[in-house]
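Numbering (our numbering), first residue to last: 38 to 444. Virtual Cβ for every residue (Gly too), placed ideally from N, Cα, C. See structure below.
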Ligand SMILES: [Zn+2]
């Protein structure tokens, strides 16, 4: 009998993808009365509880108490690194003040750039650690963190370094975001400077806010193409505020993710669905923008696309919870609880190039969530969060509100 570090036993239902990426309509691996054997932070074996118990003796056993176990959630899109907040904008938004007008009154992204530039590295690190901690408490085992609140490439380099220096029990993926053109300076020169900085910075991914009031399709394409030549992964904010043709870049560039898609026409959504690019849905954002707009999930589903999910946590959309993103994806966008789970686990991990995350299978990292529910439907049927029982992050077992090393 082999000795292992950890056995998760008495799993009522284990639900995980069979392959990555998961496309709408694909099968899912579901096993009742299951157990998972973990050794050195890796999943060693998955099978019926009776068989796994015969094969292994564990120094620690977690009794899942007949509940649902899934991969830990993966947040495919966050802007968690910034200083300050913009809570005061909420009343303006409720009063019908437009985003453009809020910008004119000194709010919006430019105000966050000012407060972030004024903050020390320590303040920024503390803020990011707190937000990552909150994400973990809602079931995230891996998340993307974008830069983007700096006025120049040197500031972006500082933010990228902070993401890389954070010590977190969750896996973090860094993305260099070209967010908004600098005020009062030549925007072409800014794009050139960002391109020139790429070989030194070498982020895991680059991203561009391609939209009305941000970067044009041509500027976005120039930046993304330069990153692609260096082998950096590509992400794209597209069609959130207006359709200026950003999502059509799907036909020209090999994107890992294309995000937002609120204004994407059906024919372009069909192209996205047929590609290998994950369509990242961000249901918290539309709410924070007071918008009833929805992406064409019907087309994405019909054409067998790859849905992924993110919180889009930012000062404009203060949502650290992937549980909330999953719930909203059901009630706003019509994803079934199982579709929401696949989007929030294997597909978000796929979009971030994390091959051993977002699934529970031999060889994958031991990142698992044990929920307080017995059935997949309850994952989004129960609204308001609070469903996480335990999160296994390698050798660390996190209880909501309290983290302790496994012994
Ligand atoms: Zn975003």
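Separation of residue j from residue i, as counted between CA atoms
i, j, result
"residue 286", "residue 309", "10 Å"
"residue 267", "residue 240", "10 Å"
"residue 100", "residue 431", "17 Å"
"residue 71", "residue 112", "26 Å"
"residue 279", "residue 421", "30 Å"
"residue 178", "residue 346", "14 Å"
"residue 141", "residue 247", "20 Å"
"residue 212", "residue 410", "34 Å"
"residue 109", "residue 176", "6 Å"
"residue 330", "residue 349", "16 Å"
"residue 299", "residue 276", "6 Å"
"residue 296", "residue 210", "16 Å"
"residue 57", "residue 383", "6 Å"
"residue 385", "residue 260", "23 Å"
"residue 169", "residue 69", "32 Å"
"residue 172", "residue 358", "6 Å"
"residue 148", "residue 434", "38 Å"
"residue 32", "residue 74", "In the structure displayed, the chain extends from 38 to 444; residue 32 sits before or after that span and is not available."
"residue 443", "residue 341", "Caution is warranted here: a pLDDT of 46 is assigned to residue 443, below 50, making its placement in the model unreliable, and no coordinate value can be reported."
"residue 88", "residue 415", "28 Å"
"residue 440", "residue 391", "Confidence in residue 440 is poor, its pLDDT being 48 and thus under 50, which makes the residue's placement unreliable; the coordinate value appears in the next sentence. One C-alpha to the other measures close to 24 Å."
"residue 232", "residue 263", "6 Å"
"residue 156", "residue 46", "46 Å"
"residue 131", "residue 394", "39 Å"
For residue i, the three-state DSSP class (helix, strand or coil)
i, result
"residue 384", "helix"
"residue 272", "strand"
"residue 291", "coil"
"residue 45", "strand"
"residue 216", "coil"
"residue 84", "strand"
"residue 229", "helix"
"residue 208", "strand"
"residue 103", "coil"
"residue 79", "strand"
"residue 58", "coil"
"residue 281", "coil"
"residue 189", "coil"
"residue 53", "strand"
"residue 11", "This structure gives no information on residue 11, because the portion of the chain shown stretches from 38 to 444."
"residue 251", "coil"
"residue 202", "helix"
"residue 305", "helix"
"residue 313", "coil"
"residue 431", "coil"
"residue 236", "helix"
Residue i Cβ short of 6 Å to ligand 1 heavy atom set
i, result
"residue 249", "no"
"residue 349", "yes"
Beta-carbon contacts of residue i that lie in its chain and below 8 Å, excluding the five residues immediately before and after
i, result
"residue 165", "117, 118, 182, 199, 200, 203"
"residue 337", "61, 306, 309, 310, 316, 344"
"residue 399", "80, 81, 82, 83"
"residue 265", "271, 290, 291"
Other residues of its chain near residue i: CB distance less than 7 Å, five sequence neighbours each side excluded
i, result
"residue 185", "116, 214, 216"
"residue 417", "363, 364, 367, 374, 377"
"residue 64", "55"
"residue 76", "41, 42"
"residue 288", "308"
"residue 227", "218, 219"
"residue 39", "92, 93"
"residue 5", "Since the first residue of the chain shown is 38 and the last is 444, residue 5 is not available in this structure."
"residue 104", "49, 407, 408, 409, 410, 411, 426"
Min CB distance residue i to chain B below 7 Å
i, result
"residue 353", "Among the protein chains of the structure shown there is no chain B, as only one such chain exists."
Nonlocal neighbours in the same chain, by C-beta distance under 6 Å from residue i, ignoring five residues either side
i, result
"residue 351", "116"
"residue 251", "217"
"residue 356", "321, 348, 350"
"residue 188", "150, 219"
"residue 51", "68, 71, 106"
"residue 78", "403, 431, 432"
"residue 372", "366"
field: Uninterrupted beta strand (DSSP E) stretches inside the segment 318 to 364 (no shorter than 3 residues)
entry: If we require 3 residues or more, the beta strand (DSSP E) runs fully inside the segment 318 to 364 come out as 344 to 346.
- request: Starting from the N-terminal side, write out each stretch of the alpha helix (DSSP H) that is 4 residues or longer and does not extend beyond the segment 110 to 185.
  value: Those alpha helix (DSSP H) runs which fall completely within the segment 110 to 185 and span 4+ residues are 126 to 131, 136 to 141, 145 to 155, 158 to 174.
task: With a floor of 4 residues, list each alpha helix (DSSP H) that falls wholly inside the segment 370 to 422, ordered by position along the chain.
output: Entirely contained in the segment 370 to 422, the alpha helix (DSSP H) runs reaching 4 residues are, in chain order, 374 to 379, 385 to 388, 415 to 418.
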